[in-house]
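One structure is given below, encoded as structure tokens.
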Amino acid sequence: MTAPAEAKAAHPTPTQNEKSDDSLLQIRGLNKRFSLSGDFLEQLRFKGGKLVRHQEYVHAINGVDLDIKRGEALCVVGESGCGKSTVARMVMGLITPSEGEIRYAGERIDNLSSRQLLPYRKRMQMIFQNPYASLNPRMTIQQTLEEPLRLHHPDWDREKIEQKVEDVMRSVGIDPDWGKRFGHEFSGGQRQRIAIARALAVDPEFIVADEPISALDVSIQAQVLNLLMEAQQERNLTYLFITHDLAVVEHFGTRVAVMYLGTVCEIATTSTLFAKPRHPYTQALLSAIPRLEDDRPQHIRLSGEVPTPVNLPSGCVFHGRCPHANARCKQEIPVLQTQDDGTRVACHAVEEGRL
Amino acid sequence: MNASSSALPSRWERFRDSYLFYSFKRDMVAQVSLVVFIALVAVAVLAPWLSPMNPYDLAQIDILASELPPFWVEGSDAQYLLGTDAQGRDMLSTILYGARVSLIIGFGAVALQALIGVCFGLLAGYLGGRIDAFLMRLADIQLSFSTLMVAIIVGALVKAIFGGETFSAYAVPLLVLIIGLAEWPQYARTVRASVLAEKNKEYVDAARVMGLRSKRIMFRHVLPNTLSPIFVISTVQIANAIISEAALSFLGLGMPETHPSLGSLIKSGFDYIQSGSWWITLIPGALLVVLVLSINLLGDWLRDVMNPRLYKG
Amino acid sequence: MALLEVTNLDVRFGLRQGEVRALRDVNFTLERGERLGIVGESGAGKSVAAFSLLNLIAKPGFIAGGSINFEGKTLNTMSERGLRKVRGNRISMIFQDPMMTLNPVLSIGEQMVECLKAHRRISGKEARAICLDKLRQVQIPSPETRLDQYPHELSGGMRQRVIIAIALLLDPDIIIADEPTTALDVTIQAEIMALLLELCEQHNVGLILITHDLGVVSQVTQRMLVMYAGRVIEQGPTREIINDPQHPYTQGLINALPQMATPGEKLNQIRGSMPSLSNLPSGCAFHPRCNFINRADGKPRPACTEQVPGFVESGNCRVACHMVAEMIEDRRLKEETS
């Protein structure tokens with residue numbers, strides 16, 4: 000699994016070089032394994048009369064390459080366990096990658112210490128999924144919003160910080176008079192606005208949003224999505240938007256990357272992807288969105304279930320459920336290949352013209 | 000709970016509307032326990048002003064008035080409401096002073112336990128890895144020594160090095176140290192468990208993404224959210240510490256009889272039960288039971304209220 | 000007579016802030032083999048409605064009024080013993096979290112057999128055969144081995160299939176499904192929904208589907224109720240409501256979906272959020288969020304802020320909205336004058 004990823008990292012394809020000029024974030028050959036075996040003593044097993052060290056891993060991310068261009072909203076979609084949140088957390092330095100590199104504006108950030116990362120913390124921020132857990136229950140809204148400002152602007156005086164907090168609260172539609180209240184006194188939608196305000200307080204240029212609306216009600220989802228889009232226009236933000244909801248992607252994303260079991264299977268501009276999905280998994284995913292128009296679901300039925308990331312299938316990770324899989328798919332790992340319209344697809348069937 | 004509706008509530012209003020206060024208002028047992036506990040603490044704190052005589056002052060003791068029974072028993076002296084002990088000390092005064100000593104040691108030991116336990120638990124839970132393994136093994140080792148063992152070892156060491164006089168003079172801080180050292184793992188384990196639960200919540204990730212240092216995240220973000228279990232365990236621990244001190248004193252490893260706690264009072268009277276002077280043991284014993292029971296009942300109520308599985312929000 | 004008839008259902012919760020009315024004036028019927036959707040956001044009372052049908056509301060909640068008639072028997076006044084004969088047997092439930100129904104320490108087979116034996120007198124062998132048959136119906140691969148597996152050995156999708164198999168075990172007349180696919184992935188959700196639909200049609204089972212997902216409701220159900228703050232605000236045939244919603248809230252809900260807007264443009268949001276049941280606005284509970292409280296002449300309609308709207312018939316639908324009522328009245332007047 001790692002071999003092709005490394006090869007790519009060492010010799011970037013021409014298309015990647017072309018794109019690197021305007022790309023804000025570059026991810027190359029990213030891998031992440033989580034150990035399942037506990038500490039050293041727990042790894043020891045008896046096998047054939049000998050004591051051997053036995054380690055098991057969850058292969059959460061297996062060779063992911065992504066470019067995020069300045070000013071765009073790159074949506075990463077996939078089902079639970081596909082590794083989309085892990086990518087987001089690695090970009091933010093919450094988890095360290097096992098292999099691969101992450102570059103922000105040309106500089107490597109995946110191997111920096113937390114002190115070295117500090118200047119980047121001001122430029123990149125994150126919005127979390129669960130607004131009920133992302134605000135410290137023992138801090139008032141004012142304290143929550145002041146904290147990043149005090150950290151990143153030690154030279155600002157009290158008045159300036161309070162002014163900034165007030166501005167940022169207004170910009171997300173929260174009355175600044177509510178600053179003395181605690182998070183639990185607000186509704187889910189208001190809490191998510193506050194979480195967005197916290198991210199925007201330090202004036203970042205890049206925001207990672209990890210399923211920011213999936214915990215919210217339908218009518219509130221629209222409010223928060225509008226707020227994120229407004230912020231993007233006003234502040235010229237770049238988004239890495241993680242979601243499982245394709246309907247949101249269609250509306251929000253500039254480009255879409257579809258992930259399955261720790262690999263990217265298709266990257267395309269949103270309009271192309273929805274008009275002409277190439278990868279069989281993307282096609283199945285699109286057909287599964289419950290639409291208002293049709294009476295009867297006519298979705299593509301995938302056989303079987305998502306395999307566990309502990310024992311990855313050989314070849315294409317999707318071959319066990321793919322209606323178009325053949326012998327080659329079971330052996331050879333497909334790599335992303337650029338199509339005529341710029342879409343990049345990792346599928347042997349597409350490459351061979353079978354699909 | 001919609002924020003937009005009304006004006007900002009004050010701290011007192013917040014407390015008045017809280018679930019804590021609501022459930023307290025409905026729980027008779029908790030109310031009675033709290034009243035009893037506060038009364039006992041108040042009496043103990045005010046002992047020097049309330050008690051008819053000073054049991055530490057040898058000049059006030061009349062050896063001829065020893066073993067007088069309490070007022071409702073025949074042969075009592077109206078001057079000594081609860082009678083006198085074998086040395087002729089007024090029981091009421093001695094008990095008030097004794098309760099004072101017991102409470103000081105109880106609270107002091109728990110403060111020490113909490114200090115060590117909370118710091119170790121926070122470090123172990125938040126940093127994880129080797130620090131976690133080391134601190135938790137340390138806790139295991141500590142737990143395998145009983146409080147009694149620690150007391151015997153420390154007591155023996157102090158007595159051997161500085162002599163019995165010094166031990167008696169510094170008995171209170173020494174007992175605080177002994178009980179504090181022996182029981183910190185309870186705190187460390189509780190705190191570690193709730194830190195492990197808290198540190199995976201998104202607000203901690205948010206603090207990390209902000210760029211905050213680990214120290215600030217631990218003390219400013221994680222610690223305040225682990226306070227509920229700390230509160231609950233503290234009540235149990237105070238009761239335990241008071242009992243431990245009584246047990247140690249009863250065995251002669253604790254407070255000297257010249258400066259008695261409830262435990263050493265019970266012990267000093269124990270020898271006279273056979274001769275009919277039951278009050279020297281039973282009255283301080285009853286007080287000890289009431290004190291510990293009121294603390295434990297309060298603790299039970301707190302645990303019910305603060306149990307996150309029963310009450311969310 | 001309808002299979003299930005709910006009239007004026009009123010559910011309250013005795014909380015420390017006082018009594019909260021979680022559900023009021025809920026009326027609907029369900030015919031044999033009919034599929035009904037109950038739609039609403041969190042806090043609308045849709046789950047309370049589902050639980051109260053089988054009198055499963057936990058304290059401090061209670062049914063304060065109204066009646067639930069099932070085949071002529073009133074469920075809400077029935078004894079616990081009588082209810083047990085209905086629950087699981089004639090009306091079964093599917094929950095959002097499969098682990099709420101499945102006992103983690105019993106194998107799938109044990110649980111299914113236990114459930115069967117509780118309601119029927121049959122031998123273990125017969126029970127096992129029925130279980131196998133039901134597992135086959137929900138298209139679980141190699142059902143024989145699944146019977147001896149424990150819930151944690153199955154994936155989320157498989158668990159939900161097992162739950163459906165258990166729900167079908169005693170050939171019920173009605174299945175109540177409370178957000179059955181919310182915890183699942185899109186592709187699995189589509190499969191489970193298709194399966195549920197297929198099975199209900201095959202066995203002529205009535206379905207009450209509780210969900211927040213308008214897409215799912217529109218695909219699966221024939222009639223639907225839209226709930227807001229403990230009341231039904233619109234009910235009628237699903238197609239008609241989805242294609243031509245009358246109530247401003249239903250309109251807002253549908254228009255807020257990303258698929259209803261042009262990509263890149265702003266979504267049509269509803270402002271504010273659902274009020275808490277303990278602090279409902281006066282009049283129509285939706286009026287602070289409503290864009291239509293003004294009359295045609297630009298002045299606000301006093302009824303909206305003062306009076307709780309009653310139902311008006313609009314086509315095949317029933318809508319609780321003063322604005323709609325006024326429009327219908329205007330239309331009628333115009334027709335009369337012309």
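Chains as they are written, first to last, in numbering that gives the first Met the number 0: chain A, 0 to 354; chain B, 0 to 312; chain C, 0 to 337.
The beta-carbon is built from N, C-alpha and C at its ideal position, and this holds for glycine as well.
Every value quoted in this text rests on a predicted model; they were computed, and no experiment measured them.
Chain A within 9 angstroms of residue i, Cβ atoms only
i        : result
ARG15/B  : no
ALA193/C : yes
GLU40/C  : yes
SER217/C : yes
MET223/C : no
MET226/C : no
ILE107/C : no
ILE232/C : no
MET0/C   : no
MET77/C  : no
Proximal chain A residues relative to residue i, where beta-carbon distance stays under 7 angstroms
i        : result
ARG207/B : LEU93
Under 9 angstroms from the C-beta of residue i: neighbouring residues of chain A
i        : result
PRO262/C : GLU249, HIS250, PHE251, GLY252, THR269, SER270 and PHE273
HIS211/C : ASP216 and VAL217
Per-residue contacts from residue i into chain C (C-beta, under 7 angstroms)
i        : result
SER186/A : SER272
MET228/A : LYS265
ASN225/A : LYS265, LEU266 and GLN268
GLN222/A : GLN268
For residue i, the nearest candidate out of the options (CA to CA)
i        : options                                   : result
GLN25/A  : GLN42/A, ASN61/A and ARG107/A             : ARG107/A
CYS320/C : SER141/C, GLU334/C and GLU305/C           : GLU305/C
ALA295/C : VAL323/C, LEU279/C, SER217/C and PRO236/C : VAL323/C
ILE67/A  : GLU233/A, GLN282/A and THR237/A           : THR237/A
ARG114/A : SER213/B, ILE241/B and THR189/B           : SER213/B
THR180/C : THR210/C, LEU131/C and LEU153/C           : THR210/C
ALA85/B  : GLY298/B, LEU264/B and LEU296/B           : LEU264/B
ALA260/C : LEU224/A, LEU272/A and HIS152/A           : LEU224/A
ALA302/C : CYS316/C, LYS333/C and SER281/C           : SER281/C
SER133/A : SER75/B, LEU81/B and ALA205/B             : ALA205/B
Neighbour list for residue i in chain C, Cβ cutoff strictly below 8 angstroms
i        : result
PRO276/A : Chain C residues near PRO276/A: none, gap ~13 angstroms exceeds 8 angstroms.
LYS73/A  : According to the sequence displayed, residue 73/A carries Leu and not Lys. Simply none; closest approach about 15 angstroms.
9 angstroms Cβ cutoff, residue i in contact with chain B
i        : result
LEU24/A  : no
PRO175/A : no
GLU165/A : no
LEU65/A  : no
LYS121/A : yes
is_contact[residue i, chain C] using C-beta, thresh 9 angstroms
i        : result
PRO130/A : no
GLU78/A  : yes
ALA194/A : no
ALA246/A : yes
HIS243/A : yes
Supposed contact pair residue j and residue i - C-beta distance, whole angstroms, cut 8 angstroms
i        : j        : result
GLY80/A  : SER272/C : In fact, because the Cβ distance is near 31 angstroms, the residues do not count as touching under 8 angstroms.
ALA267/A : ARG254/A : 7 angstroms
GLN124/A : VAL208/B : 7 angstroms
HIS151/A : LYS121/A : 5 angstroms
Under 9 angstroms by beta carbon: chain C residues contacting residue i
i        : result
ILE288/A : VAL185, ALA189, GLY214 and GLN258
ARG300/A : THR186, ALA189, GLU190 and ALA193
Near the ligand NAP: residue i beta-carbon under 8 angstroms from a heavy atom
i       : result
ALA57/C : In the structure on display, the ligand NAP does not appear, and there are no ligands present to speak of.
Contact list for residue i against chain A, beta-carbon separation under 8 angstroms
i        : result
SER154/C : GLU304 and VAL305
7 angstroms Cβ cut-off: residues of chain B touching residue i
i        : result
PRO147/A : MET209
GLN124/A : VAL208
Chain B contact residues for residue i, given Cβ-Cβ distances below 9 angstroms
i        : result
ARG197/A : ALA205 and MET209
Closer than 7 angstroms between beta carbons: that is the criterion. Which residues of the segment 195-224 of chain B meet it against chain A? LYS200, GLU201, TYR202, ASP204, ALA205, ARG207, VAL208, MET209, GLY210, LEU211, HIS220, PRO223 and ASN224
Along the segment 241-267 of chain C, where does the CB come closer than 9 angstroms to a CB of chain A? Name the residues. ILE241, ASN242, TYR248, GLY251, LEU252, ILE253, ASN254, ALA255, LEU256, PRO257, GLN258, MET259, ALA260, THR261, PRO262, GLY263, GLU264, LYS265, LEU266 and ASN267
Give, in chain order, every residue of the segment 150-161 of chain A whose Cβ lies closer than 7 angstroms to some Cβ of chain C. none
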